[in-house]
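Asks:
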Amino acid sequence: MSDLPKPLNGHAASEALKLGSAQTPEVVLKGFQRTEVWVFDLDNTLYPADCQLFAQVDQRMGEFIARYLGVPFEYARHLQKSYYRQFGTTLTGMMRVHRMDPRPFLDYVHELDLSGLAEHPRLAAAIERLPGRKLIFTNGSRAHAERVAGKLGVLSLFDGIFDIVDAAYVPKPAAACYEAFLKAHGVDAPTAAMFEDMPHNLEAPHALGMTTVLVRSDSNDDHPVHRTMRTWTVPPAHVHHMTYDLAEFLERIGPIPALVDAPSTQRS
Ligand SMILES: [Mg+2]
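My numbering numbers the first residue of the sequence shown as 119 and each following residue consecutively.
What follows is the structure, encoded as structure tokens:
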């Protein structure tokens, strides 16, 4: 893996190149000059996909569906993936097609062994130095977000969590989900940045005027979009920035208050 975040477009690329290294963050990356609200997806974004935590969620969803519908596990997995692609989350498909009560499902799928998830002090430091509010915006449950963010050592840095219950079980990437999020937390979209591992979940943020960052991993392969991403020569326009390392990317955004308030601190 490169030690540079992998920029998506020409401008982002040139800005990243200007940065040179994490030790010389004089340039604020495009789109972050007026960012006041930092919005993070949880699963496979705040923690990397290769720690396999979401793989546990994935497995437990299959188990729950098999038991709930009384079908073989393999068929439950087929339904699970089909609903995930069709409705945005497996849960939404189960609610719409099978009228399932979401609460036992959410409790079961988020009962995880977090022992493989390490504390991430570098990420915590990078999030802490961002100016303004920080929010978690997840298609999962609040309890899951609190446990995972707590284990990472970043929970206390966040000002709020918007979960699938807050979204009235309408998940990302539905436009209504983002509108509900912005309203609930009083966020003015052009002053916000959104970090996500699924590119289609950045389409609405881009359309709303948010700055978008794709937190990418090539170890994940449970959605057709992962194969699509591997064919990208140029990322789509709704992905403004892309990185394989969230902590490093946040470090590279630049000292925003210093640039705005004290330009003399910049090197010549
Ligand atoms: Mg995610």
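Glycine is no exception: its CB is placed at the ideal position from the N, C-alpha and C atoms. Given the structure is predicted, the values throughout are model-derived calculations rather than measurements.
Measure the C-alpha to C-alpha separation of residue 250 and residue 188 and round it to an integer number of angstroms.
Replies: Translated into positions along the sequence shown, residue 250 becomes position 132. Translated into positions along the sequence shown, residue 188 becomes position 70. Near 48 Å, if we compare the C-alpha coordinates of residue 188 and residue 250.
Asks: Exposed or buried, which one is residue 301 when buried takes at least 16 other CB atoms within 10 Å?
Replies: Position 183 of the sequence shown, counted from the first residue, corresponds to residue 301. Flag for residue 301 reads exposed.
Asks: Using 8 Å for Cβ pairs, my map puts residue 356 next to residue 330. What's the rounded Cβ distance?
Replies: For the purposes of this step, residue 356 is taken as the residue at position 238 of the sequence shown. For the purposes of this step, residue 330 is taken as the residue at position 212 of the sequence shown. With a Cβ gap of about 6 Å, residue 356 and residue 330 count as contacting.
Asks: Kindly indicate which three-state DSSP category residue 215 falls into: helix, strand or coil?
Replies: One-based indexing of the sequence shown puts residue 215 at position 97. Reduced to three states, the DSSP call for residue 215 is helix.
Asks: Excluding the 5 residues preceding and the 5 following residue 210 in the sequence, name in chain order all residues of the same chain whose CB lies nearer than 8 Å to its CB.
Replies: One-based indexing of the sequence shown puts residue 210 at position 92. Counting only Cβ-Cβ distances below 8 Å, and skipping sequence neighbours, we find 201, 287, 288, 289.
Asks: Hey, is residue 153 close to ligand 1, as in C-beta under 7 Å from one of its heavy atoms?
Replies: The residue labelled residue 153 in the question sits at position 35 within the sequence shown. The answer is no for residue 153.
Asks: Indicate whether the contact test is met: 3 or more Cβ pairs, each with one atom in the stretch 342-355 and one in the stretch 176-191, closer than 8 Å.
Replies: No: fewer than three Cβ pairs fall under 8 Å.
Asks: Considering residue 254, what are the terminal residues of the beta strand (DSSP E) in which it resides?
Replies: Along the sequence shown, one-based indexing puts residue 254 at 136. Taken as a continuous stretch (DSSP letters only), the beta strand (DSSP E) holding residue 254 covers 251-255.
Asks: Going by the C-beta, is residue 338 closer than 7 Å to any heavy atom of ligand 1?
Replies: As a first step, residue 338 is located in the sequence shown; it is residue number 220 there, counting from the start. Result no, Cβ not under 7 Å from ligand 1.
Asks: What residue ranges within the stretch 242-324 form continuous alpha helix (DSSP H) runs of no fewer than 4 residues, ordered along the chain?
Replies: You should have 260-270, 293-302.
Asks: In the DSSP assignment, find the alpha helix (DSSP H) that holds residue 344 and state where it starts and stops.
Replies: On the sequence shown, position 226 is the one that residue 344 refers to. That run of the alpha helix (DSSP H) goes 342-348.
Asks: Just to check my reading of the structure: residue 314 and residue 159 have Cβ atoms closer than 8 Å, yes? What is that Cβ distance to the nearest angstrom?
Replies: Residue mapping note: residue 314 aligns to position 196 of the sequence shown, counting from 1. Residue mapping note: residue 159 aligns to position 41 of the sequence shown, counting from 1. Confirmed, about 4 Å.
Asks: Decide if the stretch 330-339 is in contact with the stretch 190-198; the criterion is three or more beta carbon pairs, one per stretch, under 8 Å apart.
Replies: The stretch 330-339, when compared against the stretch 190-198, does not touch it at the 8 Å Cβ threshold.
Asks: Note the first and the last residue of the continuous beta strand (DSSP E) segment covering residue 191.
Replies: Taking the sequence shown and counting its residues from 1, one reaches residue 191 at position 73. Here residue 191 belongs to no beta strand (DSSP E); instead the alpha helix (DSSP H) covers 191-205.
Asks: CB residue 260 to CB residue 281, shorter than 8 Å?
Replies: By 1-based counting over the sequence shown, the position of residue 260 is 142. By 1-based counting over the sequence shown, the position of residue 281 is 163. Yes.
Asks: At the level of alpha carbons, what is the spacing between residue 371 and residue 152?
Replies: On the sequence shown, position 253 is the one that residue 371 refers to. On the sequence shown, position 34 is the one that residue 152 refers to. Cα to Cα, the separation comes out at about 12 Å.
Asks: With DSSP run on the structure shown, which of helix, strand or coil describes residue 370?
Replies: For the purposes of this step, residue 370 is identified with residue 252 of the sequence shown, where counting begins at 1. Residue state, collapsed to three classes: helix.
Asks: Helix, strand or coil for residue 361, going by three-state DSSP, please let me know.
Replies: Residue 361 sits at position 243 when you count from the first residue of the sequence shown. If DSSP states are grouped into helix, strand and coil, residue 361 belongs with the strands.
Asks: Following a CB-centred definition, is residue 176 positioned closer than 7 Å to any heavy atom of ligand 1?
Replies: Here residue 176 refers to the residue found at position 58 when the sequence shown is read from its first residue. Not under cutoff, so the answer is no.
Asks: Could you name the residues that DSSP lists as bridge partners for residue 332?
Replies: Here residue 332 is taken as the residue at index 214 of the sequence shown, counted from 1. Beta-bridge pairing links residue 332 to 314, 360.
Asks: So, is residue 149 buried or exposed, given that buried needs 16 or more other C-beta atoms within 10 angstroms?
Replies: The residue you call residue 149 lines up with position 31 of the sequence shown. When all chains shown are included, residue 149 counts as buried.
Asks: If distances are taken between C-alpha atoms only, which option among 352, 272, 235 comes closest to residue 170?
Replies: The sequence position of residue 170 within the sequence shown is 52, counting from 1. The shortest Cα separation from residue 170 among 352, 272, 235 belongs to 235.
Asks: For my contact list, residue 227 and residue 165 are in at a C-beta cut-off of 8 Å; report their separation, rounded to the angstrom.
Replies: Counted from its first residue, the sequence shown places residue 227 at position 109. Counted from its first residue, the sequence shown places residue 165 at position 47. About 16 Å; that fails the 8 Å criterion.
Asks: Apart from the five residues on each side of it in sequence, which residues of its chain come closer than 7 Å, Cβ to Cβ, to residue 263?
Replies: What you label residue 263 is simply residue 145 of the sequence shown in a count that begins at 1. Answer for residue 263: 160, 254, 256, 279, 281, listed in chain order.
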